[in-house]
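Colleague: I'd like to ask some things about the structure below.
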Amino acid sequence: MDDGPFRYHLELTPEQLKITHTALRSLLDDFGHDEQEIQAVIHDVLAKLPDEHAIRAIRIGEDGSSAAPLSSVPDPDSDDPVDPTAA
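Numbering-wise (our numbering), the sequence shown opens with residue 16 and increments by one.
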């Protein structure tokens, strides 16, 4: 699929990130082998999210607060280069 000329910046709370990750994983499970383009896009988006370990560390509290900070998400205002393969 073509990425097109647009790029979107989306800020999510840790709770929103966990829900997004879970929804994408669930969506991926729903598509069959004949929908490889859709699976590829979902995989591309999941690859941009923190790893599975970081996602599992997010705890959604009853008050909507997270028990664990999401330290693996880079600060977009930082000048430090980010290695996406670093764990």
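Using N, Cα and C, we set each Cβ at its ideal position, and we do this for glycine too.
Where does residue 48 fall in DSSP's three states?
Modeller: In this structure, residue 48 counts as coil in the three-state DSSP scheme.
Colleague: Considering only residues of the same chain and omitting the five flanking positions on each side of residue 57, which have a CB-CB separation below 7 angstroms?
Modeller: For residue 57, where only same-chain residues beyond five positions count, the Cβ hits under 7 angstroms are 39, 42, 43.
Colleague: Between 75, 45, 22, 29, which has its C-alpha nearest residue 64's C-alpha?
Modeller: Measuring from the Cα of residue 64, the nearest candidate turns out to be 29.
Colleague: Between the C-alpha atoms of residue 46 and residue 62, what's the straight-line distance to the nearest angstrom?
Modeller: Looking at the two C-alpha atoms, the distance is approximately 18 angstroms.
Colleague: Count the other CB atoms, across all protein chains shown, that sit within 10 Å of the CB of residue 36; report buried if there are 16 or more and exposed otherwise.
Modeller: It counts as buried.
Colleague: So is residue 32 buried or exposed if we call it buried at 16+ other beta carbons inside 10 Å?
Modeller: The residue in question, residue 32, is buried, as its Cβ has 16 or more Cβ neighbours within 10 Å.
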